[in-house]
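**Student:** In our numbering, the protein residues as written are 73 to 610.
Ideal placement from N, C-alpha and C gives every residue a C-beta, glycine not left out.
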Amino acid sequence: MSGNTNPVSSNIAGLEADGKAEMPASNHVHGARLHTITAALALFLFLTNLEIPIVTTALVKIAGELGGLNKIYWITTAYMLGYVGLLVISAKLSDLFGRKSCLLVAIFLFVVFSGACGAAQTMDQLIIFRAFQGIGGAGNYSLCAVLLLDLIPAEKYATYMSYISFVYALSLLFGPLMGGGISESSTWRWVFLLNVPPGVLAGITLALILPNRFPHRNQPCNDKSMSSVWGSLRQMFRRVDLLGCGLLLVATVPLVTALEEANHKYHWKSPFTIVLLIISGLAWFAFLLWERRVTLYSKSVEPVLPWRFISSGNRNAMLLGAVWFSTMFQLPQRFQIVNQLTPFQAAVHFIPFTIAGPVASALAPGVAKLFKIPLLYLVLFASLLQVVGYALLGTLPESLSIAAAQYGYQVLAGFGCGINITLLILIAPFTIEKRDNAVAMGAIAQFRVMGGCIGISILTAVANGFIQSHLRQSLSPEQMQSVLHSTEALSSLPASVQSLVRGTFSASYNLQMKILAGLAGGQVLASLLMWQKEQIIV
73 MSGNTNPVSS
83 NIAGLEADGK
93 AEMPASNHVH
103 GARLHTITAA
113 LALFLFLTNL
123 EIPIVTTALV
133 KIAGELGGLN
143 KIYWITTAYM
153 LGYVGLLVIS
163 AKLSDLFGRK
173 SCLLVAIFLF
183 VVFSGACGAA
193 QTMDQLIIFR
203 AFQGIGGAGN
213 YSLCAVLLLD
223 LIPAEKYATY
233 MSYISFVYAL
243 SLLFGPLMGG
253 GISESSTWRW
263 VFLLNVPPGV
273 LAGITLALIL
283 PNRFPHRNQP
293 CNDKSMSSVW
303 GSLRQMFRRV
313 DLLGCGLLLV
323 ATVPLVTALE
333 EANHKYHWKS
343 PFTIVLLIIS
353 GLAWFAFLLW
363 ERRVTLYSKS
373 VEPVLPWRFI
383 SSGNRNAMLL
393 GAVWFSTMFQ
403 LPQRFQIVNQ
413 LTPFQAAVHF
423 IPFTIAGPVA
433 SALAPGVAKL
443 FKIPLLYLVL
453 FASLLQVVGY
463 ALLGTLPESL
473 SIAAAQYGYQ
483 VLAGFGCGIN
493 ITLLILIAPF
503 TIEKRDNAVA
513 MGAIAQFRVM
523 GGCIGISILT
533 AVANGFIQSH
543 LRQSLSPEQM
553 QSVLHSTEAL
563 SSLPASVQSL
573 VRGTFSASYN
583 LQMKILAGLA
593 GGQVLASLLM
603 WQKEQIIV
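(1) Measure the alpha-carbon distance for Gln604 versus Cys489 and round it to whole angstroms.
(2) Straight-line CA distance for Thr120 to Ala428?
(3) In the DSSP assignment, what residue or residues form a beta bridge with Val312?
(4) Is the number of C-beta pairs between the segment 401 to 418 and the segment 458 to 474 that are closer than 8 Å three or more?
(5) Going by beta-carbon coordinates alone, are Thr149 and Glu374 separated by less than 9 Å?
(6) Please classify Ala334: does DSSP put it in a helix, a strand, or coil?
(7) Taking the straight line between their C-alpha atoms, what separation do you get for Leu447 and Ser258?
(8) Ala355 and Ala323 - do their beta-carbons sit closer together than 9 Å?
(9) When we look at the beta-carbon of Ala191 and count the other beta-carbons within 10 Å, is it buried (16 or more) or exposed?
(10) Roughly how many angstroms lie between the CA atoms of Lys172 and Phe116, to the nearest whole one?
(11) Would you check if there are 3 or more beta carbon pairs closer than 8 Å linking the segment 168 to 185 to the segment 206 to 215?
(12) Restricting to Cα atoms, I'd like to know which of Thr128, Phe201 and Trp379 is closest to Phe401.
(13) If we require 4 or more residues per run, which alpha helix (DSSP H) segments fall completely within the segment 572 to 600?
(14) Comparing C-alpha positions only, which one of Ala334, Ile134 and Leu403 sits nearest to Gln194?
(15) What does the alpha-carbon distance come out to for the pair Gly86 and Val439?
(16) Would you say the segment 389 to 397 touches the segment 515 to 530, given that touching needs at least three Cβ pairs under 8 Å?
(17) Please report how far the alpha carbon of Trp45 lies from the alpha carbon of Ala589, in whole angstroms.
(18) Could you work out which residue in Gly252, Leu158, Ser243 and Phe264 is closest to Leu198 when comparing CA atoms only?
(19) Let me check understanding here. Comparing Cα to Cα, which of Ser372, Val132, Arg364 and Val347 lies closest to Ile254?
(20) Sorted by chain position, which residues of the same chain lie with C-beta nearer than 6 Å to Ala188's C-beta, five sequence neighbours on each side aside?
(21) From Leu601 to Thr494, what distance separates their C-alpha atoms?
(22) Rounded to whole angstroms, what is the Cα-Cα separation between Asp196 and Thr367?
(23) Beta-carbon within less than 8 Å of Arg105's beta-carbon, same chain only, minus the 5 sequence neighbours each way: which residues are those?
(24) For Ala334, is the classification buried or exposed, using 16 other Cβ atoms within 10 angstroms of its Cβ as the cut-off for buried?
(25) In whole angstroms, what is the alpha-carbon distance linking Thr532 and Leu464?
(26) Apply the 10 Å Cβ neighbour rule to Tyr145 and answer buried if 16 or more other Cβ atoms are within range, or exposed otherwise.
(27) Could you compute how far the alpha carbon of Leu597 sits from the alpha carbon of Gln417?
(28) Using the rule of at least 16 other Cβ atoms within 10 Å of the residue's Cβ for burial, across every protein chain shown, is Glu137 buried or exposed?
(29) Mind checking if Thr120 is an interface residue toward chain B, Cβ cutoff 9 Å exclusive?
(30) DSSP on Gly170, reduced to helix/strand/coil?
(31) Of all the options Asn388, Ile445, Val555 and Gly316, which has the alpha carbon lying nearest to the alpha carbon of Glu606?
(32) Quick check on Ala274: does DSSP put it in helix, strand or coil?
(33) Three or more beta-carbon pairs under 8 Å between the segment 451 to 464 and the segment 238 to 257, yes or no?
(34) Taking 6 Å as the limit between beta carbons, can you name the residues of its chain near Ala114, skipping five residues before and five after?
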């Protein structure tokens with residue numbers, strides 16, 4: 073590396089010499105043990121990431137059996153709320169209680185509630201089980217990523233980020249296809265049940281071969297109170313930022329609930345919606361104040377989100393999540409509702425996005441390293457690609473036919489999203505202290521998933537309002553309720569009314585794509601706020 077680059081944030085060798093970002097070499101795992109652990113962690117990353125895309129093409133089938141088309145977004149947001157509530161918290165708990173024990177608890181929750189989701193008999197049961205499945209998924213996602221960083225030296229970060237991206241690529245590519253194929257050929261319940269056998273196998277593997285107290289296995293326990301398990305637990309719980317954890321949940325859940333239910337069960341001006349929004353706003357304000365106070369003044373409590381880590385990078389991740397996750401759900405639904413495709417056919421037509429995103433995600437670190445391109449330059453370029461791609465997706469024709477150009481639009485949008493998914497994670501270790509690695513990985517993922525929750529909720533509110541306002545004069549209240557409850561009700565309407573309803577849904581999806589283009593524009597601004605004189609180069 074050139075001597076003109078920043079020795080802390082730009083030069084990997086500098087990171088190793090600095091001692092804050094590099095763990096002692098004796099703590100790293102090597103050989104067959106490393107490969108086995110990596111394979112098990114990769115499997116859980118695959119299963120955890122699979123849970124979102126695999127559901128996208130099965131949602132309409134689930135709603136057809138359990139009822140509640142107007143509730144299908146809760147199947148997604150319930151899982152993602154579990155993510156939001158526990159991503160940073162699980163990473164912080166792993167700092168206090170150990171990576172292995174926290175990961176095994178997360179695996180247990182994920183596997184058990186995957187089975188419960190497959191056995192759900194009502195939509196409400198499925199939503200509740202999905203929330204608990206999301207809690208386990210949050211622990212799997214953040215702790216698997218953190219463990220991979222703990223297992224290897226810093227100069228291999230970019231390489232292993234490519235491995236993680238490849239796993240994510242596989243889940244994104246096969247998720248919609250598997251969800252569509254399963255829901256067509258069998259029952260949608262296998263969308264959830266398929267997690268159980270491989271989850272049990274990988275969990276047992278990690279329990280047997282992952283070192284205890286990793287990554288601090290070679291550090292002696294000098295604190296005599298550690299001889300008492302309960303004394304140790306009490307001591308560590310005193311360091312957990314329980315108030316911060318609670319405020320974060322109180323800030324997020326009412327906001328998502330208000331957005332999901334607005335224009336559906338309650339009006340924007342209803343006391344229910346207003347109260348939830350006020351509670352959320354106050355909780356966000358209190359959360360930020362509390363995290364700043366704990367970071368700056370507390371010596372005993374470990375903050376959930378250290379104030380030093382609240383940055384433009386997290387804002388960018390939040391906007392990216394809103395765009396990325398919303399696309400995962402809106403386009404497959406458009407293909408099924410507007411273009412009358414089967415779930416598997418919808419997944420096939422969604423392949424350009426599901427390939428472009430992961431390919432870009434896997435290639436971006438290698439390209440940045442090979443050509444020594446500052447990471448922020450690529451982030452800015454990717455954000456601009458998203459603006460163009462989503463603006464074009466907002467111009468699709470309101471007809472049953474599928475315009476060939478939309479495949480190119482998907483590639484532009486997916487490529488832009490994929491680059492930023494990897495690079496925002498890759499930037500983090502070079503801009504923070506080693507002690508914040510776990511929280512950094514959890515926070516980036518948490519902000520991205522939080523953005524997804526909020527983005528999907530916003531689009532749901534916009535879509536419900538748009539559809540109801542445009543169909544109110546053409547449908548009776550009973551017909552409107554039936555259409556919003558299940559797409560199967562469309563077939564019972566006269567042909568002319570069916571065409572009108574599908575055209576309205578199509579216009580609604582176009583409007584949603586334009587909103588996503590605006591959110592992508594927000595990423596451009598957030599990227600510019602990350603600008604610095606000496607750029608990060610890997």
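**Tutor:** The answer reads as follows:
(1) 22 Å
(2) 20 Å
(3) Glu374
(4) yes
(5) no
(6) strand
(7) 45 Å
(8) yes
(9) exposed
(10) 14 Å
(11) yes
(12) Thr128
(13) none
(14) Note on identity: in this sequence residue 194 is Thr, with Gln being the wrong assignment. Out of Ala334, Ile134 and Leu403, Ile134 has the C-alpha closest to the C-alpha of Thr194.
(15) Note that Gly86 scores 36 on pLDDT, short of 50, meaning its location in the model is unreliable; the coordinates nonetheless yield the value given after this. Spanning the two alpha carbons is a distance of roughly 21 Å.
(16) yes
(17) Limits of the chain in this structure are 73 at one end and 610 at the other, which puts residue 45 out of reach.
(18) Phe264
(19) Val132
(20) Phe201
(21) 19 Å
(22) 39 Å
(23) Ile281
(24) buried
(25) 21 Å
(26) buried
(27) 37 Å
(28) exposed
(29) Note that chain B does not occur in the displayed structure, where there is just one protein chain.
(30) coil
(31) Ile445
(32) helix
(33) no
(34) Val239
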